[in-house]
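Here is the structure we will look at, set down as structure tokens.
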Amino acid sequence: TQLLEQSPQFLSIQEGENLTVYCNSSSVFSSLQWYRQEPGEGPVLLVTVVTGGEVKKLKRLTFQFGDARKDSSLHITAAQPGDTGLYLCAGGGAGNMLTFGGGTRLMVKP
Amino acid sequence: NAGVTQTPKFQVLKTGQSMTLQCAQDMNHEYMSWYRQDPGMGLRLIHYSVGAGITDQGEVPNGYNVSRSTTEDFPLRLLSAAPSQTSVYFCASRIFGRGRAPDTQYFGPGTRLTVL
Numbered sequence: 001t002q003l004l005e006q007s008p009q010f011l012s013i014q015e016g017e018n019l020t021v022y023c024n025s026s027s028v029f030s031s032l033q034w035y036r037q038e039p040g041e042g043p044v045l046l047v048t049v050v051t052g053g054e055v056k057k058l059k060r061l062t063f064q065f066g067d068a069r070k071d072s073s074l075h076i077t078a079a080q081p082g083d084t085g086l087y088l089c090a091g092g093g094a095g096n097m098l099t100f101g102g103g104t105r106l107m108v109k110p
Numbered sequence: 001n002a003g004v005t006q007t008p009k010f011q012v013l014k015t016g017q018s019m020t021l022q023c024a025q026d027m028n029h030e031y032m033s034w035y036r037q038d039p040g041m042g043l044r045l046i047h048y049s050v051g052a053g054i055t056d057q058g059e060v061p062n063g064y065n066v067s068r069s070t071t072e073d074f075p076l077r078l079l080s081a082a083p084s085q086t087s088v089y090f091c092a093s094r095i096f097g098r099g100r101a102p103d104t105q106y107f108g109p110g111t112r113l114t115v116l
């Protein structure tokens, strides 16, 4: 079974600060996705990365896939209250199934 | 274009009762799946389907059945509800990337199930 560990589990910061969330595994994944989930709603896909070392930017969010395709990071610059939510990573594996990490709950205080 | 819809939004069952969670998508996606979300455990795959008439087990299939008679619908059946099945259930549909297009998965709004 492929496992994905996310850290930190919880993060509370002030508006304007920078932060990085990590997603780590001992397994190799064919792709890595990041989602954001708000209370009472389903996860919403932010990005998919497929190539080792790939970096994608989405406004103030920067996503990186590790060279060995075993880990990923999400960096948020100048966090805003609207960034508050649960961030989930998911790795693509055998049979096109996705394995999800446990999530990082982010709170950005005004 | 409604995306992925799920009904009901909330449900309370007694131990031993059965019920069906409904899921439909209007994007003509072949791949659909059911997940459950429990605190601190992310999402775990229950069952998935790669097209009409084809289903397979995920990580936690026990106590659940699925069928896929059409591309649009993918219901999840709880055969005999147990308190351990108290969770939030999400249905998702997925399109795989071709060429430069990314792999994209869309989730429904979820069904919050409590089993007493």
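Residue numbers (the numbering used here), protein chains in the order written: chain A, 1 to 110; chain G, 1 to 116.
For each residue, glycine too, the CB sits at the ideal point set by N, CA and C.
On a predicted model such as this, the values are computed, not experimentally measured, just so you know.
Of the listed residues the options, nearest to residue i (C-alpha basis)
{"i": "C23(A)", "options": "N96(A), P39(A), F63(A)", "result": "F63(A)"}
{"i": "F74(G)", "options": "G58(G), P109(G), G63(G), Y48(G)", "result": "Y48(G)"}
{"i": "K14(G)", "options": "T71(G), Y31(G), L79(G)", "result": "L79(G)"}
{"i": "Q22(G)", "options": "Y31(G), V4(G), N28(G)", "result": "V4(G)"}
{"i": "K109(A)", "options": "E5(A), G16(A), F10(A), Q6(A)", "result": "G16(A)"}
{"i": "P43(A)", "options": "P102(G), G97(G), E59(G), S93(G)", "result": "S93(G)"}
{"i": "L98(A)", "options": "W34(A), T84(A), E38(A), E54(A)", "result": "W34(A)"}
{"i": "E59(G)", "options": "F96(G), M41(G), I95(G)", "result": "M41(G)"}
{"i": "F10(A)", "options": "G93(A), G85(A), G91(A)", "result": "G85(A)"}
{"i": "G93(A)", "options": "N62(G), D103(G), Q11(G), S67(G)", "result": "D103(G)"}
{"i": "R105(A)", "options": "Q14(A), G53(A), E38(A)", "result": "E38(A)"}
{"i": "I76(A)", "options": "K57(A), G91(A), F65(A), G66(A)", "result": "K57(A)"}
Expected contact under 8 Å - CB spacing of residue i and residue j to nearest Å
{"i": "R36(G)", "j": "Y89(G)", "result": "5 Å"}
{"i": "D26(G)", "j": "A2(G)", "result": "6 Å"}
{"i": "V28(A)", "j": "R69(A)", "result": "5 Å"}
{"i": "S31(A)", "j": "V55(A)", "result": "15 Å between Cβ atoms; not a contact."}
{"i": "I54(G)", "j": "R68(G)", "result": "7 Å"}
Which of helix, strand or coil DSSP assigns to residue i
{"i": "D83(A)", "result": "helix"}
{"i": "A24(G)", "result": "strand"}
{"i": "A90(A)", "result": "strand"}
{"i": "Q57(G)", "result": "strand"}
{"i": "G95(A)", "result": "helix"}
{"i": "S69(G)", "result": "coil"}
{"i": "Q17(G)", "result": "coil"}
{"i": "S30(A)", "result": "coil"}
{"i": "S84(G)", "result": "helix"}
{"i": "L46(A)", "result": "strand"}
{"i": "F10(G)", "result": "strand"}
{"i": "L78(G)", "result": "strand"}
{"i": "M107(A)", "result": "strand"}
{"i": "F96(G)", "result": "coil"}
{"i": "L43(G)", "result": "strand"}
Beta-bridge partners of residue i, as assigned by DSSP
{"i": "N24(A)", "result": "E5(A), D71(A)"}
{"i": "G51(G)", "result": "I54(G)"}
{"i": "T62(A)", "result": "K57(A), H75(A)"}
{"i": "T5(G)", "result": "A24(G)"}
{"i": "T51(A)", "result": "DSSP, once it has assigned bridges, lists no residue as partnering T51(A)."}
{"i": "L113(G)", "result": "Q11(G), S87(G)"}
Distance, residue j Cα to residue i Cα
{"i": "L3(A)", "j": "L88(A)", "result": "13 Å"}
{"i": "R77(G)", "j": "K9(G)", "result": "15 Å"}
{"i": "T20(A)", "j": "F107(G)", "result": "25 Å"}
{"i": "V47(A)", "j": "I95(G)", "result": "14 Å"}
{"i": "D83(A)", "j": "G110(G)", "result": "21 Å"}
{"i": "G101(A)", "j": "A81(G)", "result": "26 Å"}
{"i": "P81(A)", "j": "M107(A)", "result": "7 Å"}
{"i": "P38(G)", "j": "S87(G)", "result": "A quick correction: the sequence has Asp, not Pro, at residue 38(G). Taking the straight line from one Cα to the other gives about 6 Å."}
{"i": "V50(G)", "j": "G91(A)", "result": "18 Å"}
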